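Enquirer: Before I ask anything, let me first share the structure, which is written out below as structure tokens.
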Amino acid sequence: MTARVLVVDDLPTNVKVLEAKLTAEYFTVITATSGAEALVAAKENAPDIILLDVMMPEMDGFETCRRLKADTETAHIPVVMVTALSDISDRVTGLEAGADDFLTKPVNDITLFARIRSLARIKRAIDEWRMQEETYGQLGVSGQGGGLDLTDHPTGSVLLVEPDEYVAERVSGVLEEDGQTVSCVRTSEEALGALTQGFELVITSLYLEDSDGLRFCSQLRALEEYRTMPVLLVIEPEEVGGLAKGFELGINDYLVRPVDANELKVRVRTQLRQKLYRENLQENYRHSLSLALTDDLTGLYNHRYLTAHMDTALRRAVANGKPLSVLMLDIDFFKKVNDTHGHAVGDQVLKEIAARMGRSIREFDTAARRGGEEFVVVMPECAIDVAANVAERLRQVIADTPFCVGDGQEVPVTASIGVASRQGDDDAPDTLLARADEALYEAKRQGRNRVELEPGANAQSGRVANG
Ligand SMILES: [Mg+2]
Numbered sequence: 009m010t011a012r013v014l015v016v017d018d019l020p021t022n023v024k025v026l027e028a029k030l031t032a033e034y035f036t037v038i039t040a041t042s043g044a045e046a047l048v049a050a051k052e053n054a055p056d057i058i059l060l061d062v063m064m065p066e067m068d069g070f071e072t073c074r075r076l077k078a079d080t081e082t083a084h085i086p087v088v089m090v091t092a093l094s095d096i097s098d099r100v101t102g103l104e105a106g107a108d109d110f111l112t113k114p115v116n117d118i119t120l121f122a123r124i125r126s127l128a129r130i131k132r133a134i135d136e137w138r139m140q141e142e143t144y145g146q147l148g149v150s151g152q153g154g155g156l157d158l159t160d161h162p163t164g165s166v167l168l169v170e171p172d173e174y175v176a177e178r179v180s181g182v183l184e185e186d187g188q189t190v191s192c193v194r195t196s197e198e199a200l201g202a203l204t205q206g207f208e209l210v211i212t213s214l215y216l217e218d219s220d221g222l223r224f225c226s227q228l229r230a231l232e233e234y235r236t237m238p239v240l241l242v243i244e245p246e247e248v249g250g251l252a253k254g255f256e257l258g259i260n261d262y263l264v265r266p267v268d269a270n271e272l273k274v275r276v277r278t279q280l281r282q283k284l285y286r287e288n289l290q291e292n293y294r295h296s297l298s299l300a301l302t303d304d305l306t307g308l309y310n311h312r313y314l315t316a317h318m319d320t321a322l323r324r325a326v327a328n329g330k331p332l333s334v335l336m337l338d339i340d341f342f343k344k345v346n347d348t349h350g351h352a353v354g355d356q357v358l359k360e361i362a363a364r365m366g367r368s369i370r371e372f373d374t375a376a377r378r379g380g381e382e383f384v385v386v387m388p389e390c391a392i393d394v395a396a397n398v399a400e401r402l403r404q405v406i407a408d409t410p411f412c413v414g415d416g417q418e419v420p421v422t423a424s425i426g427v428a429s430r431q432g433d434d435d436a437p438d439t440l441l442a443r444a445d446e447a448l449y450e451a452k453r454q455g456r457n458r459v460e461l462e463p464g465a466n467a468q469s470g471r472v473a474n475g
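Quick note: the sequence shown uses my numbering, first residue 9, plus one each step.
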């Protein structure tokens, strides 16, 4: 997988060296030589990852990173700080500023490339959710995704897979002190069993009694429910060369022994924070989706969804050479219901109609409220005579049992239904709906509480008489 990388360093030589290396690996490289330039470049070029120098005049790397992470447009772009600073407190400062990793020069190239690919892969998944959110934003339903809140203190339950009892005790002590809940197991088998209890993060040692951390990680990734579970790998300093493999297998982050308490805390928080961010995006998406496509009152699909769905359903019907029918239903004298009983009762009638419709159609039919007291059912692979029968059954289901509303009072309700079916391969959603509408109008004209087929519909199926 290739990626677009923004390289930021105040020394042009450093930029050139990294640019050459990355280009040789088929990454696309964009460069900036100051923090301010980086902020602009990140917005304009939408890179997949940012490699950020720490020591820069004016705005240093820490501040640049903080600003990138605070901005909704750039918060989701992974940042790797690459620097000659080796002090542990600098690493922690970098991670606290929102960096996804902090690599100390000289960086092993293989590890760096693998790290870039792994972070870019995680970002791609987030991009998809962001794109969905944008689409729904354009539909007039605004998403609420924001920047990463670096001042929060996310906590969660952590599964620690560590055979060494002393290390396990120390690590869980540090994390518990930071507000995390920790469960310890010694083997990958125990870990796979324990996972069903629900964890937000897995920390695994590379060495396990029955397996190794990488094998365990790939087992985890093979299971649908743990595909996005954050995994932190703990390695010995001499095992850093193996990290590339780890990133390839899907680890999210790593720690080198002896594990520094502050670095452990902040890396765990970063993973938990990103998990929350992803979940928020998904939740926003689902929320936007339901707002954008369904009718609040009845829970049926709305006009917007109907339009898109009719298009797809019609195209599929043409491609498969199958029939497609639509019912258009309108409640008779609905204005009178509202005038006599009030709008609350009117709303209850609409809801009850939706419920009765839902029970009368097949599960692959689509019912939508088109607006007001008008409803549409789209019926794939359904010829007009079958659709006419369904319409007649629906008419009866509405007319035969009065609607119970409010305090036990019963309101008689009837509906008129028009039926139309696709004709030829050039039929369009609009014309199909217009013919159903025409049939509906005919049903009204003929005295209501009845089903009419579109003009010129197959004579042998004929007009369905009032039951
Ligand atoms: Mg510098």
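We treat Cβ as the ideally placed atom computed from N, Cα and C, and that holds for glycine.
A quick note: this is a predicted structure, and the numbers were derived from the prediction, not measured.
Between Met387 and Val398, what straight-line distance do the alpha-carbon atoms span, to the nearest angstrom?
Expert: Using only the alpha carbons, I get a separation of about 10 Å.
Enquirer: Nearest CA to the CA of Thr374: which residue from Val405, Glu389, Glu232 and Tyr215?
Expert: Closest option to Thr374, Cα to Cα, is Glu389.
Enquirer: Rounded to whole angstroms, what is the Cα-Cα separation between Glu136 and Arg129?
Expert: Approximately 11 Å between the Cα atoms of the pair.
Enquirer: Going by alpha carbons, who is nearest to Lys478 out of Arg277, Leu305, Phe341 and Cys412?
Expert: This structure gives no information on residue 478, because the portion of the chain shown stretches from 9 to 475.
Enquirer: What residues match up with Leu337 in a beta bridge as DSSP calls it?
Expert: Per DSSP, Phe383 and Ile425.
Enquirer: Would Thr159 pass as an interface residue toward chain D - the criterion being a Cβ-Cβ separation below 7 Å?
Expert: The structure shown contains no chain D, having only a single protein chain.
Enquirer: Is it buried or exposed, Phe372, if we count other Cβ atoms within 10 angstroms and call 16 or more buried?
Expert: Answer is exposed; the Cβ neighbour count stays below 16.
Enquirer: Going by the beta-carbon positions, is the gap between Asp56 and Lys131 smaller than 7 Å?
Expert: Yes, the Cβ-Cβ distance between Asp56 and Lys131 is below 7 Å.
Enquirer: Taking the alpha carbon of Val87 as the reference point, which residue from Val100, Glu81 and Ala107 has its own alpha carbon closest?
Expert: Of the candidates Val100, Glu81 and Ala107, the one whose C-alpha sits nearest the C-alpha of Val87 is Ala107.
Enquirer: What residues in its chain sit with their C-beta under 6 Å from that of Asp95, if we drop five residues either side in the sequence?
Expert: Taken in chain order, the list of residues that qualify is empty.
Enquirer: Please report the distance separating the alpha-carbon of Val459 from that of Leu322.
Expert: One C-alpha to the other measures close to 23 Å.
Enquirer: Write down every uninterrupted run of the beta strand (DSSP E) in the segment 261 to 320 whose length is 3 residues or greater and which is fully enclosed by it, in chain order.
Expert: DSSP runs (the beta strand (DSSP E)) wholly in the segment 261 to 320: 261 to 264.
Enquirer: Listed in chain order, which residues are found with a beta carbon closer than 6 Å to a heavy atom of ligand 1?
Expert: Qualifying residues, in the order they occur: Asp17, Asp18, Leu19, Asp61, Met63 and Met64.
Enquirer: For the beta strand (DSSP E) containing Glu460, name the first residue and the last one.
Expert: Where Glu460 is concerned, the enclosing beta strand (DSSP E) stretches over Val459 to Leu461.
Enquirer: Ends of the alpha helix (DSSP H) at Cys192?
Expert: Where Cys192 is concerned, there is no enclosing alpha helix (DSSP H), although the beta strand (DSSP E) it sits in stretches over Thr189 to Val193.
Enquirer: Is Tyr234 helix, strand or coil when you go by DSSP?
Expert: In this structure, Tyr234 counts as helix in the three-state DSSP scheme.
Enquirer: Check whether the segment 303 to 322 touches the segment 181 to 199, taking contact to mean three or more Cβ pairs, one atom from each stretch, closer than 8 Å.
Expert: Contact fails: fewer than three Cβ-Cβ distances are below 8 Å.
Enquirer: If you drop the 5 nearest sequence neighbours on each side, which residues of the same chain put their C-beta closer than 7 Å to that of Gln279?
Expert: Once the five neighbours on either side are set aside, the close Cβ partners of Gln279 are Leu209, Pro238, Leu240, Asn260 and Asp261.
Enquirer: Using DSSP bridges, identify the partner residues of Ile58.
Expert: Answer is Leu14 and Val87, bridged to Ile58.
Enquirer: Is the beta carbon of Leu308 closer than 7 Å to that of Ala395?
Expert: No.
Enquirer: May I have the straight-line CA-CA distance separating Asp160 from Leu284, to the nearest angstrom?
Expert: Their Cα atoms are separated by approximately 11 Å.
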